[in-house]
Amino acid sequence: MPEMPTVAACAVAEAGLLTRREFPEPDHPYRSPFQRDRGRIIHSRAFRRLAGKTQVFTERNSDHFRSRLTHTMEVAQIARTIARALGLNEDLTEALALVHDIGHPPFGHAGERALDDALRQYGLRFDHNLHALRIVEYFESRYLDHRGLNLTLAVREGIVKHSRDYKTEDHPELAHYFLDLRPPLEAQLIDLADEIAYLTADLDDGVEAEILTVGQIRDGVRLFERFFTPLESQHPDAPEKLLFQEALKRMVNALADDLITATATKVRALGIVDLDGIRRAPERLAAFSPEMEGLRREAKEFLYRNLYLCEDLRRGHEHAAEVIADLFRVWMADPALLPSNYVFQVATEGAPRVIADYIAGMTDHFVAELHRSGGKISLVGQR
Ligand code: MG
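Position in the sequence shown (first residue = 1) + 135 = the working numbering.
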């Protein structure tokens with residue numbers, strides 16, 4: 136195996152400020168703080184609900200499509216591999232990957248847009264990172280000694296910053312997450328591992344859904360074609376399905392290899408030797424090489440054009456938007472229809488935010504059932 140460059144000196148340590156919790160707890164005799172966080176995330180109710188949330192296909196017609204849960208496991212697998220190769224904190228990276236989609240509402244991106252549209256009418260926004268933070272800090276209720284999951288500062292910071300930066304002037308409530316500093320590399324990796332996972336998975340699911348064809352992908356995604364052509368000539372009798380899977384697998388590996396090498400090269404080129412250097416760098420340092428970044432963007436644009444915005448999926452997206460807008464309207468008109476623990480919060484948080492919190496936690500199945508019942512909470516099973 137070729138030697139991979141490491142940046143181990145920049146890893147988040149298993150002690151110190153970043154391992155602090157809001158409610159102090161004694162150390163565990165043999166589990167590190169980030170191993171405990173990983174366990175708490177996996178045991179949370181919000182994590183289990185990821186099984187009932189879709190990513191791309193709001194109307195499922197195959198049991199093989201990714202759910203948010205299986206997507207999350209793929210991201211965790213890829214992120215952990217990259218973290219290990221770079222000598223970073225693998226347990227922290229895994230915890231961050233497992234929690235990265237926990238704030239996503241039902242019905243995938245269509246659901247997120249619909250919730251955001253509903254909230255905008257009241258001067259508010261829906262942001263899945265901030266919602267994820269509310270879940271782990273407040274909504275998860277399973278410990279005698281504290282509210283929420285009481286995760287370490289490193290994991291909470293990573294939840295806030297894994298995919299974007301926030302400014303202190305816009306979000307004073309987030310000031311203790313070092314908003315003017317870059318996040319550690321472990322957090323920076325998550326968004327890119329997420330890209331690697333969903334670019335390849337959505338090509339796979341798109342073919343499974345018979346919306347995309349292998350030929351179309353070969354024509355439109357150079358990074359895929361680069362692996363498919365030689366495989367085809369080496370294995371002229373192999374079924375297309377297997378060549379397709381092999382090419383996708385090589386695509387994942389190529390993206391991960393590039394991310395490892397390009398990130399380490401960038402860190403070294405800037406002479407950065409510790410976490411403080413990562414935090415004070417002028418930009419995020421986890422990145423693909425310029426060539427791979429071009430190929431990644433091409434693959435993503437291909438997916439937008441041919442899958443995410445395609446006619447076949449549009450109907451499902453419109454339905455999702457209608458369902459969410461309808462429920463919002465019903466509960467805004469009569470917040471007393473909400474479950475009692477939510478009604479209770481309306482006085483302090485305001486009805487729009489409480490309704491958005493409630494909807495965001497639902498699975499696709501639950502929100503659809505509720506819509507059929509006209510927003511009457513006669514169902515058991517969710518908060
Ligand atoms: Mg994701």
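All residues carry an ideal CB built from backbone N, CA and C; glycine is no exception.
Roughly how far, in whole angstroms, is the beta-carbon of residue i from the beta-carbon of residue j, given that I think they are within contact range, below 8 Å?
i           : j           : result
residue 312 : residue 295 : 5 Å
residue 470 : residue 456 : At roughly 22 Å, the Cβ-Cβ gap does not stay under 8 Å, so residue 470 and residue 456 are not in contact.
residue 348 : residue 342 : 7 Å
residue 263 : residue 247 : 6 Å
residue 413 : residue 317 : 6 Å
residue 324 : residue 434 : With 8 Å as the limit, residue 324 and residue 434 do not qualify as a contact, their Cβ atoms being about 19 Å apart.
residue 351 : residue 441 : 7 Å
residue 201 : residue 340 : 6 Å
residue 289 : residue 227 : 6 Å
residue 404 : residue 261 : Contact doesn't hold; Cβ gap of about 38 Å is too wide.
residue 399 : residue 142 : 5 Å
Compare the beta carbon distance of residue i and residue j with 9 Å and say whether it is the shorter of the two.
i           : j           : result
residue 314 : residue 300 : yes
residue 266 : residue 238 : yes
residue 494 : residue 502 : yes
residue 175 : residue 268 : no
residue 190 : residue 203 : yes
residue 241 : residue 188 : yes
residue 249 : residue 458 : yes
residue 465 : residue 429 : no
residue 402 : residue 320 : yes
residue 232 : residue 205 : no
residue 253 : residue 229 : no
residue 168 : residue 154 : yes
residue 281 : residue 360 : no
residue 245 : residue 451 : yes
residue 172 : residue 286 : yes
residue 497 : residue 166 : no
residue 410 : residue 145 : yes
residue 391 : residue 331 : yes
residue 462 : residue 506 : yes
Quick one: give me the first and last residue of the alpha helix (DSSP H) that residue i is part of.
i           : result
residue 411 : 410-415
residue 502 : 499-507
residue 380 : 375-404
residue 295 : 288-296
residue 483 : 475-484
residue 234 : 225-234
residue 263 : 263-269
residue 205 : 203-221
residue 190 : Segment: none, residue 190 is in no alpha helix (DSSP H) and carries neither H nor E.
residue 435 : 425-438
residue 365 : 357-369
residue 453 : 446-468
residue 254 : 243-255
residue 422 : First-last for residue 422: undefined, no H or E at that position.
residue 142 : Neither: residue 142 is in no alpha helix (DSSP H) and is coded neither H nor E.
residue 313 : Neither: residue 313 is in no alpha helix (DSSP H) and is coded neither H nor E.
residue 333 : 320-343
residue 150 : Here residue 150 belongs to no alpha helix (DSSP H), and DSSP marks it neither H nor E.
residue 407 : Residue 407 -> no alpha helix (DSSP H), and no H or E assigned at all.
residue 274 : It is not in any alpha helix (DSSP H) - residue 274 carries neither H nor E in the DSSP assignment.
residue 182 : 180-184
residue 177 : 168-177
Sufficient close CB pairs (3 or more, under 8 Å) joining the stretch 444-451 to the stretch 212-222: no
Collect the residues with a C-beta less than 5 Å away from any heavy atom of the ligand MG and give them in sequence order along the chain. 236, 329
With a cut-off of 8 Å, do at least 3 Cβ pairs link the stretch 365-373 to the stretch 322-338? no
Decide yes or no for the touch test of the stretch 415-424 against the stretch 351-365: beta carbon pairs closer than 8 Å, at least 3 of them. no
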